[in-house]
Every structure is written in C-alpha cells, then in structure tokens.
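Protein sequences, first through last, are from chains A and B. Note that our numbering numbers the first sequence so that position 34 is 36, with each residue one more than the last. Note that our numbering numbers the second sequence so that position 23 is 51, with each residue one more than the last.
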Amino acid sequence: GAVVSQHPSWVICKSGTSVKIECRSLDFQATTMFWYRQFPKQSLMLMATSNEGSKATYEQGVEKDKFLINHASLTLSTLTVTSAHPEDSSFYICSATFGTGGNQPQHFGDGTRLSIL
Amino acid sequence: KQEVTQIPAALSVPEGENLVLNCSFTDSAIYNLQWFRQDPGKGLTSLLLIQSSQREQTSGRLNASLDKSSGRSTLYIAASQPGDSATYLCAVRGTYKYIFGTGTRLKVLA
C-alpha cells in the first residue's frame, strides 16, 4: 500500500527555534499533501493544503508566515514552524493523496511530536 | 460548514463484545468517508474507505456502513479484542479536504 514517511518523529527545542518537518510519499506521486495539527485528546485540524509547485492554501486562523509550507516535488512537502514558542507544541501529521479527485484516499504519516521549551 | 460528530466519545467494554461506533455529518455532499485508528502518540491507520456511491465496506472483523442521505456512518467491530483499544476517527471528504470527527476512545478489557 501507499507509504508516507514523516520525519522527525519527535522534536524538542528551545523557544525561538525554527523547526522543519518533512513529509515524503515513498511509493507514489503525491499531487496534494495536507498538514494537520492535533492537540492532546482532540481531533485533527487541517492547517493547510499544498499542491506540488504552487502555494499552499491555509485554513482560516492559520498564520502562513508562522507555518511555512513548501511542496517542491511530487514526493516531498515540508512544514517549517518559524520562531516556535511553547504554544506551538503539538502533534503534527501530514497526509498525501494522488490526483485531485475527491474520491482519492489520504495516506497519513506517523506524525511529529513537537515540544517547545 | 461541515461538522462531524462521533458518539460515544469514550467506550469501555469487556473482550468479546460486538461494538458499534457512530459518526454523523451535517453536509451530505461528500466524496467519501474514511475510518481511522489512532494509537496513543501515533499517526493514523486507515481502516476502511467508503465512497459516496457505496453503502458499506468490510475488512476482517470490521464493517463500516454509510447512509449519506441521513449523514451517518457506523463502524461495527465484531468480537472485540484488547488489541482493538485505540481512538477511532471518522473523516468525511468534501471538495478538497477531509473534516475529522471528534473521535471515540475505545478500551477493550481482557
């Protein structure tokens, strides 16, 4: 089946640091990638949608200058949390889908737990 | 605006019971509905995907149904096992994105 690899799985860093999270589709070309955020015991909230070669579409309330998304190739998207602060601590999960049709399933990475001290 | 709700929020049952988890959504204009499992601190594992034209999907002890007109889906787990303990999430696919439900935390007692 389709495999999505997310790296790193765990990050602990000091306040003010910028952190980059990678999301790779290993065995298929991901036309669209999604980035989600999950707070403890809550569901996933979509942050942004990125299509290869174009600017990401951010959900309402998500700061695009804070959460930089790059989708430079069909197999890689990155999320950079700039100048991270403790309130940015969360579980971030990416997903990828092939094609733009609405009936395509999403394949999820294993997530990145970000802890800002 | 699509809203997805899951009932119950938490469930604790003895091993061997058959379970029904519920998912409801407010906008029936969906492409598909997907059920996921999430273990603590982990990512999502896809369990079943039901396209909007389908009524149900089955995989092993799992059966998911979809009634798009009433905005409901159920996940049926037969003969539950302690290894089934996890959070179960449903998600509906709209025009371009998934909206996730609030999840049901399941604990199966040995």
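Quick reminder that beta carbons are idealized off the backbone N, C-alpha and C, glycines included.
Take ALA86(A), set aside five residues on each side of it, and the residues of its chain with a beta-carbon closer than 6 angstroms to its own are THR19, VAL21 and ILE118, in chain order.
Here the C-alpha atom of ARG100(B) lies approximately 14 angstroms from the C-alpha atom of LEU117(B). For HIS9(A), the enclosing beta strand (DSSP E) starts and ends at 6-9. By the neighbour-count criterion, in which a residue is buried when 16 or more other Cβ atoms sit within 10 angstroms of its Cβ, GLN108(A) is buried.
Contacts with chain B at 7 angstroms (Cβ-Cβ) include GLY113(A). One thing to note: SER74(B) has its Cβ no nearer than 7 angstroms to the Cβ of LYS96(B).
Assigned with DSSP and collapsed to three states, ASP67(A) falls in coil, not helix or strand. Neighbours of GLN62(B) in chain A, taken as residues whose beta carbon is under 8 angstroms from its own, are PRO107 and GLN108 in chain order. Excluding the 5 residues flanking it on each side, LEU48(A) has same chain C-beta neighbours closer than 7 angstroms at PHE36, TYR38 and GLU61, in chain order.
Listed in chain order, the positions of the segment 100-134 of chain B with a beta carbon within less than 7 angstroms of a beta carbon of chain A are LEU117, ARG121, THR123, TYR124, LYS125, TYR126, PHE128, GLY129, THR130 and GLY131. The Cβ atoms of GLU84(B) and THR54(B) lie no closer than 7 angstroms to each other. Among the residues facing chain A, GLY88(B) is not included, as its CB has no counterpart in that chain under 7 angstroms away. By the CB criterion at 7 angstroms, THR102(B) and VAL48(B) fall inside the cutoff. The DSSP assignment places complete beta strand (DSSP E) segments of no fewer than 3 residues inside the segment 30-84 of chain A at 34-40, 46-53, 69-75 and 78-83, in order along the chain. Beta-bridge annotation (DSSP): ALA98(A) is paired with MET35(A) and HIS109(A). Residues of chain B with a Cβ closer than 8 angstroms to the Cβ of ILE95(A) are, in chain order, GLY71 and LEU72. Residue contact check for LEU46(A) against chain B: a CB pair falls below 7 angstroms. In the DSSP assignment, ASP95(B) is bridged to ARG100(B). Residues of chain A whose Cβ lies closer than 7 angstroms to the Cβ of LEU77(B) are, in chain order, PRO107. Between SER113(B) and LEU90(B) the beta-carbon gap is near 15 angstroms, outside 8 angstroms, which marks them as no contact. Under DSSP, the beta-bridge partners assigned to TYR116(B) are ARG65(B) and THR132(B).
In the structure shown, the three-state DSSP call for PRO42(B) is strand.
Secondary structure note for THR54(B): it is in no beta strand (DSSP E), with a DSSP letter that is neither H nor E. Between the alpha carbons of SER7(A) and GLN106(A) lies a distance of about 19 angstroms.
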